[in-house]
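One structure below.
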Amino acid sequence: MHPIPIVLDGDPGHDDAMAWLLAKSRSMLEILAVTTVAGNQTIEKTTYNALRICTLLGISAPVGKGAARPLAGVRMNAPSVHGESGLDGPTLPEPDREASPLSACELMAKVLRESPRPVTIVPTGPLTNVATLLLSHPELKEKIARISLMGGGIARGNWTPAAEFNILVDPEAAKIVFSSGVPITMAGLDVTEQALILPEDVEKIRRIENPVANIVWQWLDFFYGFHKKLGYAGAPMHDPCAVAWLIAPEIFEAKELYVEIETQGRYCRGMTAADLRGGAAPNVTALLGLDREKFVELLREAVEAYG
Ligand code: BDR
Ligand code: CA
Numbered sequence: 102m103h104p105i106p107i108v109l110d111g112d113p114g115h116d117d118a119m120a121w122l123l124a125k126s127r128s129m130l131e132i133l134a135v136t137t138v139a140g141n142q143t144i145e146k147t148t149y150n151a152l153r154i155c156t157l158l159g160i161s162a163p164v165g166k167g168a169a170r171p172l173a174g175v176r177m178n179a180p181s182v183h184g185e186s187g188l189d190g191p192t193l194p195e196p197d198r199e200a201s202p203l204s205a206c207e208l209m210a211k212v213l214r215e216s217p218r219p220v221t222i223v224p225t226g227p228l229t230n231v232a233t234l235l236l237s238h239p240e241l242k243e244k245i246a247r248i249s250l251m252g253g254g255i256a257r258g259n260w261t262p263a264a265e266f267n268i269l270v271d272p273e274a275a276k277i278v279f280s281s282g283v284p285i286t287m288a289g290l291d292v293t294e295q296a297l298i299l300p301e302d303v304e305k306i307r308r309i310e311n312p313v314a315n316i317v318w319q320w321l322d323f324f325y326g327f328h329k330k331l332g333y334a335g336a337p338m339h340d341p342c343a344v345a346w347l348i349a350p351e352i353f354e355a356k357e358l359y360v361e362i363e364t365q366g367r368y369c370r371g372m373t374a375a376d377l378r379g380g381a382a383p384n385v386t387a388l389l390g391l392d393r394e395k396f397v398e399l400l401r402e403a404v405e406a407y408g
């Protein structure tokens, strides 16, 4: 069996880092490139974080610096969730390399062009880079096997009543991606808010005691700190769901749905509006539920793999 070639595109971010850790731990996934986008923090900060995460995890793929701002609208960051650095908490190793001279979009294009097999893109931040790729290299669409993304929410949002952060930051980009015709798996809040890592799970990870575990439990502790104040029982592992579905789709409940992105709207900009009547042809495999314990087991095994 060939590994699935993937590109990790994110705005790390504690849960992005956990997603990348999970991806790196599985030989069935081959990381061809890592690309960054502004979201949780500025592009300078998310790129620096991406390089530090890759150094920590031994991800040797090139890192391409991506979009500094959304296609339209104002720039937004999330320091309340991830801190001023975008990845507050434990001290990380300094990067063992520089970012690629290629931009995120051009690095993705190169990887798609050169890959003998179609590539799966895993966006865990705003969709600015992916939309830019689709607009600037339409001929490469055929080389994208699937986009397995974290974003949106069928039932509700988190940054507004209607919108989830990644989609809200760049709804115009999301609209381009969702209407592209490329197969999409959407790990939205419906599933990711169920993907909780509880304090007792964090304690088990702390006890693994390898160099990566020593960082990871502190990331999880920091991330939970924000969510605890909002009444969460654990830290929602949003972004790892987009990777976990590639590894173990059987632990998820999914539904084929037609989803469009609201780019206008006084109250609903950034909403992922799903046709629950089932009338329109589906464009999304929407993840709606998961076996939490099996999901946490995947994360724990991923940390153990660094022993
Ligand atoms: C998403 O927003 C970010 O803060 C997280 O990294 C995740 O990708 C959840 O709404
Ligand atoms: Ca993210």
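If you read the sequence shown in my numbering, its first letter stands for residue 102, the second for the next number, and so on. From the three backbone atoms N, C-alpha and C, an ideal C-beta is built for every residue, glycine too. In this text, all values refer to a predicted model and were calculated from it rather than measured experimentally.
Cutoff 6 Å; reference residue i; Cβ partners in own chain excluding five residues on either side
i      : result
Glu52  : Summary: the structure shown does not reach residue 52, with the chain confined to residues 102 through 408, and so no result is reported for it.
Ile285 : Ile248 and Val385
Thr156 : Pro194, Pro196 and Asp197
Glu354 : Leu389 and Gly390
Leu276 : The sequence given here has Lys at residue 276, not Leu. So the qualifying residues of the chain are Ile362 and Thr364.
Pro383 : Glu357, Leu358 and Tyr359
Glu294 : Pro337
Met372 : Ala263, Ala264 and Glu363
Asn150 : Pro113, Gly187 and Leu188
Leu203 : Gly165
Tyr395 : In the sequence on display, residue 395 carries Lys and not Tyr. Cβ neighbours of Lys395 beyond the five flanking positions: Ile352.
Trp260 : Phe266 and Leu269
Gly60  : Since the displayed the chain opens at 102 and closes at 408, residue 60 lies outside it and no answer follows.
Ile144 : Ala169
Thr233 : Cys206
Ala256 : Asp291
His238 : Ala210
Ala375 : Ile255, Leu358 and Val360
Gly258 : Ala264 and Glu265
Tyr325 : Ala336
Asn178 : Gln142
Assigned exposure category for residue i - 16 Cβ within 10 Å defines buried
i      : result
Gly167 : buried
Pro350 : exposed
His339 : buried
His103 : exposed
Ala314 : buried
Val212 : buried
Tyr368 : exposed
Leu236 : exposed
Thr457 : Nothing can be reported for residue 457, as the shown portion of the chain is limited to 102 through 408.
Met251 : buried
Arg153 : buried
Thr136 : buried
Lys242 : exposed
Pro341 : buried
Ser281 : buried
Gly159 : exposed
Lys330 : exposed
Leu377 : exposed
Ala60  : Since the first residue of the chain shown is 102 and the last is 408, residue 60 is not available in this structure.
Ala343 : buried
Contact set for residue i: own chain, Cβ-Cβ below 7 Å, skip 5 residues either direction
i      : result
Pro219 : Lys244, Ile245 and Ala246
Ser201 : Pro163, Val164, Gly165 and Leu208
Gly254 : Glu265, Gly289, Leu290, Asp291 and Thr373
Thr192 : none
Arg170 : Ala139 and Arg176
Val397 : Ile298 and Asp302
Ser181 : Phe327
Arg183 : Sequence inspection shows His at residue 183; the Arg mentioned does not correspond to that position. Contacts found: Gly114, His115, Asn141, Gln142 and Asp189.
Beta-carbon proximity list for residue i, same chain, < 8 Å, skipping 5 on both sides
i      : result
Arg401 : Asp302, Lys305, Ile306 and Ile309
Asn311 : Val404, Glu405, Tyr407 and Gly408
Leu297 : Tyr333, Ala334, Gly335, Ala336, Pro337, Met338 and Arg393
Gly380 : Tyr359
Ile348 : Leu123, Arg127, Met129, Leu130 and Leu399
Thr221 : Ile105, Pro106, Ile107, Val108, Ile245, Ala246, Arg247, Ile248, Ser249 and Leu347
Pro300 : Tyr325 and Gly335
Arg214 : Leu241 and Lys244
Quiz item: Any contact of the segment 133-151 with the segment 105-120, i.e. 3+ C-beta pairs under 8 Å?
Solution: yes
Practice problem: Decide if the segment 301-311 is in contact with the segment 261-275; the criterion is three or more beta carbon pairs, one per stretch, under 8 Å apart. | Solution: Flag = no, the segment 301-311 and the segment 261-275 do not touch.
Practice problem: Jot down the residue ranges of each uninterrupted alpha helix (DSSP H) in the segment 322-397, minimum 4 residues, whole runs only, in chain order. | Solution: 341-348
Quiz item: Do the segment 216-231 and the segment 114-129 meet, that is, are 3 or more Cβ pairs less than 8 Å apart?
Solution: yes
Practice problem: Counting only runs of 4+ residues fully inside the segment 221-299, write out the alpha helix (DSSP H) ranges in chain order. | Solution: 229-237, 266-270, 272-279 and 290-293
Practice problem: Decide yes or no for the touch test of the segment 157-166 against the segment 206-216: beta carbon pairs closer than 8 Å, at least 3 of them. | Solution: Yes, since at least three Cβ pairs between the segment 157-166 and the segment 206-216 fall closer than 8 Å, the two stretches touch.
Quiz item: Residue ranges of each beta strand (DSSP E) run of no fewer than 3 residues wholly in the segment 118-155, ordered along the chain?
Solution: 130-137
Quiz item: Could you give the uninterrupted runs of the beta strand (DSSP E) lying entirely in the segment 181-224, keeping only those of 3 residues or more?
Solution: DSSP runs (the beta strand (DSSP E)) wholly in the segment 181-224: 220-224.
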